[in-house]
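Engineer: Protein chains in written order, with full-length UniProt numbering: chain A, 1 to 247; chain B, 1 to 467; chain C, 1 to 311.
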Amino acid sequence: MGVKQIRPARVYKAAENELRNRILQNKPIPTPPWFEVVNSVPPSENAVRTVALRHRAPSKKATKPRNLYRPQQITYPEDSLRSTFYKDHPWELARPRNIVETDGRDAQRYDWSRGLRQRGMQLSGESVVQRQLWLMENQQMGREKAYDQARREFYRLRQEEEIERRVALEEAKYVGAYFGKSRLDVGLQLENAEYEKWKVWAAKESERREALLQESRASDFEDEDADVEALETPGAATESLGAAESR
Amino acid sequence: MIVRNAAARHGRRALASPILRSTLRQLSSESVPTEPAVATPPPKAQLPTDHIKDNSLAMSSKQLKMSKAKETIMTLGSNSTPTHEGQSWTRSRKIGGSEELTPWDQWVEFRKIRAKTKKLGSIVKRQYNPTDLINDPPRPQDVTLELLMASQTHMGHHTSLWNPGNSRYIYGVREGIHIISLETTAAHLRRAARVVEEVARCGGLILFVGTRKGQMEIVTKASELAGACHVFTKWTPGGITNRDAILKYATTKVVDEKDQPLEDFGVFTENARPLLPDLVVCLNPKENYTLLYECGLKDIPTIGVIDTDADPTWVTYTIPANDDSLRSIGVIAGVLGRAGERGQELRKLASEKKETIPWETSPTLNDFMAKHRRNVQKEQRLALSRAKDNVVGFTEEEQDILQSQYARAELDSSEAAMLESLGETASVEGLSEPTASAPNLGEIEAQLARVKAKAGEVEAELKGLNN
Amino acid sequence: MASLAGGLRHLRCHGQLVKPQWQQVLAVRPKIAPKMGMRQMTVESNGPTRSADAPASTEPIALPFVGVHHARQVPTSPSYFTREPRFNDLYIRLTQLLNKYHRLPTLPANEAPTLPWMKVDQIRQQLGEPVKSSHFAKMIRVGKRLNLIDPSLRPNEIDIVLRQLTRNIDPYVNNIRPITIDKFGRAIGVGKRKESTARAFVVEGTGEVLVNGKPLNEVFGRVHDRESALWALTATQRMDKYNVWALVRGGGTTGQAEALTLAVAKALLVHEPALKPALRKAGCVTRDPRAVERKKHGRVKARKSPAWVKR
Chain A
1 MGVKQIRPAR
11 VYKAAENELR
21 NRILQNKPIP
31 TPPWFEVVNS
41 VPPSENAVRT
51 VALRHRAPSK
61 KATKPRNLYR
71 PQQITYPEDS
81 LRSTFYKDHP
91 WELARPRNIV
101 ETDGRDAQRY
111 DWSRGLRQRG
121 MQLSGESVVQ
131 RQLWLMENQQ
141 MGREKAYDQA
151 RREFYRLRQE
161 EEIERRVALE
171 EAKYVGAYFG
181 KSRLDVGLQL
191 ENAEYEKWKV
201 WAAKESERRE
211 ALLQESRASD
221 FEDEDADVEA
231 LETPGAATES
241 LGAAESR
Chain B
1 MIVRNAAARH
11 GRRALASPIL
21 RSTLRQLSSE
31 SVPTEPAVAT
41 PPPKAQLPTD
51 HIKDNSLAMS
61 SKQLKMSKAK
71 ETIMTLGSNS
81 TPTHEGQSWT
91 RSRKIGGSEE
101 LTPWDQWVEF
111 RKIRAKTKKL
121 GSIVKRQYNP
131 TDLINDPPRP
141 QDVTLELLMA
151 SQTHMGHHTS
161 LWNPGNSRYI
171 YGVREGIHII
181 SLETTAAHLR
191 RAARVVEEVA
201 RCGGLILFVG
211 TRKGQMEIVT
221 KASELAGACH
231 VFTKWTPGGI
241 TNRDAILKYA
251 TTKVVDEKDQ
261 PLEDFGVFTE
271 NARPLLPDLV
281 VCLNPKENYT
291 LLYECGLKDI
301 PTIGVIDTDA
311 DPTWVTYTIP
321 ANDDSLRSIG
331 VIAGVLGRAG
341 ERGQELRKLA
351 SEKKETIPWE
361 TSPTLNDFMA
371 KHRRNVQKEQ
381 RLALSRAKDN
391 VVGFTEEEQD
401 ILQSQYARAE
411 LDSSEAAMLE
421 SLGETASVEG
431 LSEPTASAPN
441 LGEIEAQLAR
451 VKAKAGEVEA
461 ELKGLNN
Chain C
1 MASLAGGLRH
11 LRCHGQLVKP
21 QWQQVLAVRP
31 KIAPKMGMRQ
41 MTVESNGPTR
51 SADAPASTEP
61 IALPFVGVHH
71 ARQVPTSPSY
81 FTREPRFNDL
91 YIRLTQLLNK
101 YHRLPTLPAN
111 EAPTLPWMKV
121 DQIRQQLGEP
131 VKSSHFAKMI
141 RVGKRLNLID
151 PSLRPNEIDI
161 VLRQLTRNID
171 PYVNNIRPIT
181 IDKFGRAIGV
191 GKRKESTARA
201 FVVEGTGEVL
211 VNGKPLNEVF
221 GRVHDRESAL
231 WALTATQRMD
241 KYNVWALVRG
251 GGTTGQAEAL
261 TLAVAKALLV
271 HEPALKPALR
281 KAGCVTRDPR
291 AVERKKHGRV
301 KARKSPAWVK
311 R
């Protein structure tokens, strides 16, 4: 298993041979239905190793010939911008994001000269990166300057979104919507429940201790001497041992 | 081996449809439970879910999740849309105090309201719906690089898992995985589509194989379109090389150029060896090595979706693409299925025109037909001689007895009729007069001569090639 | 060599027509009815068959394949290359129905109508295919989901398909038949244990016991077995009040003895139903479900692991 095969690529040759060298002269051999097609649309060559696609000149350090065949890294100018942005705003990564493409032409519809908001795309770090790139390429801005501008626009839009959401929430609450408990409420509730549990446990525990204490007091009166002996003798023994060791 | 299936690579979102508006609405605001409005089905959030809660008491949340995942039926066709479950849908209820609505009435009412309100609000024009891949797969001419990109056909495996034989298909490395060149994918896909179309046109038997989880619908749809066969469970080893034992009980039929089943082939279909596919399309070659090996032994061309970790030499025609994503596989199988559909259409068109039927009857079938005809002729001769005996053997008394017994005028065995039939068969034998069956024999002979001539031509050509 | 083999293939193929190489278990071939039935025209043949044959008798035998210029062999089912084509066709039909009707309202799982679902063996027998149990489980899951659809909204298609997945029985009709005392005063109890089966005919009497026509001490060598065979009578102190005539089959001595216990207890209960608590306490009423545990691979027996030495 897992061995290279040579027969699949030679299907046509094999069939041709069979048709040509008819072993039984009077038995007609049917031409397979794929015979013509495989001849006119032959399969691609894949036995020969080709040099990998070059996106850039190979580095001077890579002198070994095997690196000729290794695919190269694909890099885009956005990559470093993206990493900078997300390094500065790590929580942007925590926002849910739609990664499903519909027809693959989304990027063609975006026009980054208009700003960060694009139709059919949610505001995210990606918008900042694209906007910054557009600014750098079309307005000849420096990287830092473009970043600052794109960032400023981004903060403003995020703020707007935040305010919109808050207002919508208040309006909804005003007309009677109920959104369930907030996280704080849930936390408090859990804490209260735990506290109530502890109170019950504590009451039981204190009762038990009380009972124990009373018992021990009662027993103290009964055989005080025995207890004292039992307590004293092991202590004395250890003391003597300790003394022996120290000597 | 690292598990890299669709879910692991793309997350569940890759297959899930965008959230519906109604669900969003329910998520955002939950109205205070009041009396249900007239004839409006209650929102889903209010549905009692007692039976689920009962289960949860016995099981931990993890177990519950696992058992639920086990129970869900993963299909592209039915997993992407919300269902209406719960008691409020299936109980008859009083609404407005007067009439009682049965579940049927409620459902009808709901559909009416939905039809009315469907066009309200904003409309999302472009949205990805996984079911569309099944219902309306793309055609070979619809294949664009954007479509392939959106369907994640370019994503290969981790660079350490690659098969160096695939280096010609790989565009580069990105985020630790190999990216398959989309141009190559498109070119190879079109080439494979052309092969499928031509084989379907020539009446070849195509076999679609996709044995991974969730590929069943894709495979069945593609084979349905292409008029082909499918395998969506594990390939039975020996299905090709040991087919006499494995496919012993599988049934076949014999059809003519218009795909109408022909009669009198019962003996043939029972005794003929099981069929071989003429073209095999394998959507996951990594798991189907045995199948591909068997195809190689029997000289059957194969088409395979080759991910960066698969071996491209296992198949005749490679389609370098991601074989772990259902969407990618759906697009590729859909395109091939559509190509097969086109081939079938062409074949039917050709058979209607009757000039050039793109396929030939196999020699085995021709032999059988000729032999069977010869046998029947022999029988006719026998019957003839027997009939002569019988005519002589019947006395008048016997005929009277027969007549009285079979009063339903079944007495066709009178002498006159017998003699008539004798005359007919005699004429067939002698070929002296043109009767119904005589030209057939002539035709067959002509056909045989034609076949022989063709074979001679092919030989001559081959000889020419050799020289 | 390959081309040689390939060239010979057609000869082999032709040979198959005459004499199949492979073993034919179900050699059901349609017999071509003799169409020239002149000799059959006797007085013995009865009316209806004769009338059916009559027109054929005078017609000349038609030449087959009239007007057939092109013919090709194709599979009847698209699942031709699988081992379970009919099963797969059914499964595909089910999933198609689910895709079509999955939006219809569904009942909670506990309210869905109970159906006697087919078992794997039965479907194997019905379809005549080696259906895998995992594939069958998948199909039943889809069937159960379809069964959740509200019956009043369920289309007829679904019912028709589900009928193929259910056994042709009504589970509610299947009631336990109570044992009665027959006209000879016998009560017949049946008991099983391990591989053994016992039938005990219990009548009122003086304490005679015959097992397979032999006295107890001949059948069971061990005293323990003898005791346990009649434990139902001993425990209730009815040893001298009943006669037992029993038939025991299968298994070993222990199994037979304990099967007998259950059989006798059941028969005794018919005579004296009030003894049930006592017999239950004595452990005679419950069927012991324990049987030999299956052997596992990688083990010597069911649980015994092969010998293993570290060094």
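Each residue gets a CB set at the ideal place from its N, CA and C atoms; glycine is no exception.
#1: Would you call the segment 269-283 of chain B and the segment 199-206 of chain B in contact, with 3 or more CB pairs under 8 Å?
#2: Can you tell me whether arginine 374 (chain B) is buried or exposed? The criterion is at least 16 other CB atoms within 10 Å of its CB, across all chains shown.
#3: Do valine 280 (chain B) and leucine 291 (chain B) count as a contact pair if the criterion is CB distance below 8 Å?
#4: Strictly under 8 Å for the Cβ-Cβ distance: is tryptophan 34 (chain A) near chain B by that measure?
#5: Can you list, in chain order, the residues of the segment 145-158 of chain C whose Cβ is nearer than 7 Å to any Cβ on chain B?
#6: Excluding five sequence neighbours on each side, which residues of the same chain lie with their C-beta closer than 8 Å to the C-beta of arginine 82 (chain A)?
#7: Determine the extent of the beta strand (DSSP E) in which cysteine 229 (chain B) is found, giving its start and end residues.
#8: Measuring CA to CA, which of B:Glu270, B:Pro138, B:Leu384, B:Asp324 is closest to alanine 193 (chain B)?
#9: Determine the DSSP secondary structure at threonine 95 (chain C), reduced to helix, strand or coil.
#10: Please say whether glycine 210 (chain B) and isoleucine 218 (chain B) have beta carbons closer to each other than 8 Å?
#11: Run through chain C and tell me which residues come within less than 8 Å of valine 254 (chain B), C-beta to C-beta.
#12: Is DSSP giving lysine 253 (chain B) helix, strand or coil here?
#13: With three or more C-beta pairs closer than 8 Å as the rule, is the segment 248-256 of chain B touching the segment 91-103 of chain C?
#14: Would you mind sorting residue 468 (chain B) into buried or exposed? The rule is 16 or more other CB atoms within 10 Å of its CB.
#15: From the DSSP output, in three-state form, read off phenylalanine 65 (chain C) for me.
#16: Nearest to valine 267 (chain B) by CA position, among B:Thr233, B:His372, B:Lys65, is which residue?
#17: Is isoleucine 74 (chain A) helix, strand or coil when you go by DSSP?
#18: State buried or exposed for valine 209 (chain C), treating a residue as buried only when at least 16 other CB atoms are found within 10 Å of its CB.
#19: Are the C-beta of isoleucine 329 (chain B) and some C-beta of chain C separated by less than 8 Å?
#20: Could you give the first and the last residue of the continuous beta strand (DSSP E) run that contains arginine 249 (chain C)?
#21: Could you tell me the distance, in whole angstroms, from the CA atom of residue 265 (chain A) to the CA atom of alanine 259 (chain C)?
#22: What does a CB cutoff of less than 7 Å around glutamate 245 (chain A) pick up in its chain, not counting 5 residues either side in sequence?
#23: When the distance is taken between beta carbons, is isoleucine 170 (chain B) closer than 8 Å to glutamate 257 (chain B)?
#24: With respect to the alpha helix (DSSP H) encompassing lysine 112 (chain B), which residues constitute its N-terminal and C-terminal limits?
#25: For a contact meaning CB atoms closer than 7 Å, what does cysteine 282 (chain B) contact in chain C?
#26: Establish whether the CB of cysteine 229 (chain B) and some CB of chain D are separated by less than 8 Å.
#27: Which partner residues does arginine 93 (chain B) have in the DSSP bridge list?
#28: Taking the alpha-carbon positions, what's the serine 61 (chain B) to tryptophan 117 (chain C) distance?
#29: Please list, in chain order, the residues of the segment 173-200 of chain B that have any C-beta partner in chain A closer than 8 Å.
#30: If you measure from the beta carbon of leucine 292 (chain B) to each beta carbon in chain A, is any gap under 8 Å?
#31: Step through the CB atoms of chain C and report whether any lies within less than 8 Å of the CB of isoleucine 73 (chain B).
#32: Going by C-alpha distance, which of C:Leu262, C:Leu216, C:Ile158, C:Ser228 is nearest leucine 90 (chain C)?
#33: Please identify the residue among C:Gly298, C:Gly283, C:Arg303 whose C-alpha is closest to the C-alpha of valine 292 (chain C).
#34: According to DSSP, is lysine 214 (chain C) helix, strand or coil?
#35: Assuming contact is defined by CB atoms lying nearer than 8 Å, are alanine 109 (chain C) and valine 254 (chain B) in contact in what I supplied?
#36: Does methionine 141 (chain A) come out as helix, strand or coil in the three-state DSSP assignment?
Structural biologist: The relevant details are as follows:
#1: yes
#2: exposed
#3: yes
#4: yes
#5: Arg145, Asp150, Ser152, Leu153
#6: Gly125, Glu126, Val129
#7: 229-231
#8: B:Pro138
#9: helix
#10: yes
#11: Ala71, Arg72, Gln73, Val74
#12: strand
#13: no
#14: This structure gives no information on residue 468 (chain B), because the portion of chain B shown stretches from 1 to 467.
#15: coil
#16: B:His372
#17: coil
#18: buried
#19: no
#20: 242-249
#21: Nothing can be reported for residue 265 (chain A), as the shown portion of chain A is limited to 1 through 247.
#22: Unreliable positioning characterises glutamate 245 (chain A) in this predicted model, as indicated by a pLDDT of 47, which lies under 50. A coordinate reading is not provided.
#23: no
#24: 103-117
#25: What cysteine 282 (chain B) touches in chain C: nothing, since even the nearest Cβ is about 12 Å away.
#26: No chain D is present in this structure, whose protein chains are A, B and C.
#27: B:Leu101
#28: 29 Å
#29: Val173, Arg174, His178, Ile179, Ser181, His188, Arg191, Arg194, Val195, Glu198, Val199
#30: yes
#31: yes
#32: C:Ile158
#33: C:Arg303
#34: strand
#35: no
#36: coil
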